[in-house]
Amino acid sequence: MKLHFSLLLLLLLSCSAILCSAALSDPYDPDGNITIRWDILLWTPDGYVATVNITNYQKYRTVQAPGWKLGWTWAHRQVVWASMGARFLNHSDCSRFKGSIPLTCAKQPVAVDLMTDAPYNVQVAGCCKGGLLASRFERTERSTAAFQITVGLDGTTNRTVSMPRNFTLQVPRGGYTCGPTKTVRPTRFITPDGRRVTQALVTWEVVCKYSSYMAQTTPSCCVSLSSSDHKRNVACPPYACGCTKRPCHNDHKCPLVVNWHREAKGGVRVSMTNSNINLNYSDWTLLVNHPSLNHLNYVSHAKYKRLSPNGVVFWGLKDDNQVIRTNSTISWGVGLGGCNGDRWCSPRAIYFNGDQCVIPPRPK
């Protein structure tokens, strides 16, 4: 009897693993990831100088303030002598050094981006965005971060150098798991004038994938529905984003609200209100799942790109509504090609910066 129970339990666990694996795949962006490339540029007497690039290859998921934290584990007792474009949160005990003192001796260092106003002499190309990463669709130049480090107590040739391992990528709402460090074809660099091509001595790569099961579960946004005739108005569900203080009032507690407003002539006005006191949303994205978005008539005051199935990702215009500032609202228009008899014409799902928003049930 025990044997039969054990076999049944094993079968259930196996099936659960298969279902879970299928559920982890993002239908809108199955290949999306954040990739870390570690390029060794030159050897030093006791190690090397490397450039670390963090690139967001996701179509609609961004990294917002306070930004990313990149951690790893050294293979041995390596140290960081210097860095540009990033700072380290942990320094550990460097008492074994009597002369020059390393920047950090931590076995598991954690680096963070510098702010945009960092002094020029500590910047490198691609750094200093405050840890923000735009989506690849939206702004390619802002979807990559970079910093440079000088590593000591390591090998000084391709054969003797040791790769860092066990990378971690922390973002405000979590959700990322990084794979193993792999040696890949060395990165090639083209000079700004396009006349010279150089190559990294060694390149390592790490791919970090997002999973909603690993992310923070409390929603960060909700959706309200309205119409020009005021007959189809539904507010965000009560406590949609939780209740952290007692007593709980009958509101949604969401820092961001998306309003889907049906206009008289069949179009839709999409608005987003930021209720945060001290947080601006830069380089935002809004992914909307709606069957009628396959037949868009127009989009005014925003950029967009279609994603299968039935998805469109929107983002703001540069120097206009690209940033949703605190206690402010932005909006844009969308022309739908009919709603297939659905008088509400409401979306099936909405994701703000990759987080799914709570949509109210439509009244009968």
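380 is the number that our numbering gives the last residue of the sequence shown; the numbers go up by one with no jumps. For every residue, glycine included, the Cβ atom is placed at its ideal position computed from N, Cα and C.
Residues bridged to residue i [DSSP beta-bridge criterion]
i: L272; result: C237, N290
i: G168; result: G63, V95
i: R103; result: V128
i: C194; result: C224
i: T368; result: As written in the sequence, residue 368 is Phe, which differs from the Thr given in the question. According to DSSP, F368 bridges with L302, D371.
i: A161; result: I70
i: Y297; result: I340
i: T51; result: T71, V223
i: T199; result: W220
i: I346; result: M288
i: I56; result: A66, V218
i: Q186; result: K85
i: V140; result: Answer is none; V140 lacks a bridge partner.
i: T173; result: According to DSSP, T173 bridges with nothing at all.
i: L149; result: V79
Through-space distance from residue j to residue i, alpha-carbon basis
i: N310; j: R158; result: 28 angstroms
i: Y229; j: Y136; result: 40 angstroms
i: Y192; j: Q372; result: 16 angstroms
i: Y320; j: Q232; result: 27 angstroms
i: N294; j: Q80; result: 13 angstroms
i: V250; j: P125; result: 48 angstroms
i: I82; j: N174; result: The question names Ile, yet the displayed sequence has Pro at residue 82. Going from the Cα of P82 to the Cα of N174 covers about 36 angstroms.
i: R152; j: V329; result: 12 angstroms
i: V274; j: T160; result: 28 angstroms
i: A318; j: N369; result: 15 angstroms
i: M288; j: K123; result: 43 angstroms
i: P118; j: I165; result: 11 angstroms
i: R278; j: K198; result: 50 angstroms
i: A216; j: F205; result: 8 angstroms
i: R285; j: N305; result: 15 angstroms
i: L241; j: N343; result: 20 angstroms
i: V138; j: V96; result: 15 angstroms
i: S111; j: V128; result: 24 angstroms
i: L148; j: R77; result: 12 angstroms
i: G115; j: S178; result: 25 angstroms
i: V350; j: W276; result: 10 angstroms
i: V167; j: M100; result: 12 angstroms
i: T203; j: V223; result: 16 angstroms
i: T156; j: S108; result: 36 angstroms
i: L303; j: Y367; result: 5 angstroms
i: V315; j: C361; result: 16 angstroms
i: P253; j: C121; result: 50 angstroms
i: E221; j: T132; result: 26 angstroms
i: N106; j: Y64; result: 21 angstroms
i: L352; j: N313; result: 6 angstroms
i: T345; j: W331; result: 14 angstroms
i: L272; j: V218; result: 44 angstroms
Boundaries of the beta strand (DSSP E) in which residue i is found, first to last residue
i: M179; result: Note, M179: premise wrong, no beta strand (DSSP E); not H, not E.
i: V79; result: Premise fails: V79 is in no beta strand (DSSP E) and is neither H nor E.
i: K321; result: 319–323
i: E221; result: 218–231
i: Y314; result: 314–316
i: W90; result: That residue, W90, is in no beta strand (DSSP E); it is neither H nor E in DSSP.
i: F330; result: 327–331
i: I206; result: 204–206
i: V213; result: 213–215
With 16 other Cβ atoms within 10 Å as the buried cut-off, status of residue i
i: V187; result: buried
i: L130; result: buried
i: P235; result: buried
i: K281; result: exposed
i: K269; result: buried
i: L323; result: buried
i: S308; result: buried
i: D45; result: buried
i: D42; result: buried
i: P363; result: buried
i: G327; result: buried
i: G195; result: exposed
i: K75; result: buried
i: F113; result: exposed
i: V68; result: buried
i: K145; result: buried
i: D47; result: exposed
i: A162; result: buried
i: G87; result: buried
Using 8 angstroms as the threshold, is the region 208–219 in touch with the region 240–247, meaning 3 or more CB pairs across them? no
Is the region 332–343 in contact with the region 293–307, if contact means three or more CB pairs nearer than 8 angstroms? yes
Can at least three beta-carbon pairs, one atom from the region 177–186 and one from the region 49–57, be found at a separation below 8 angstroms? yes
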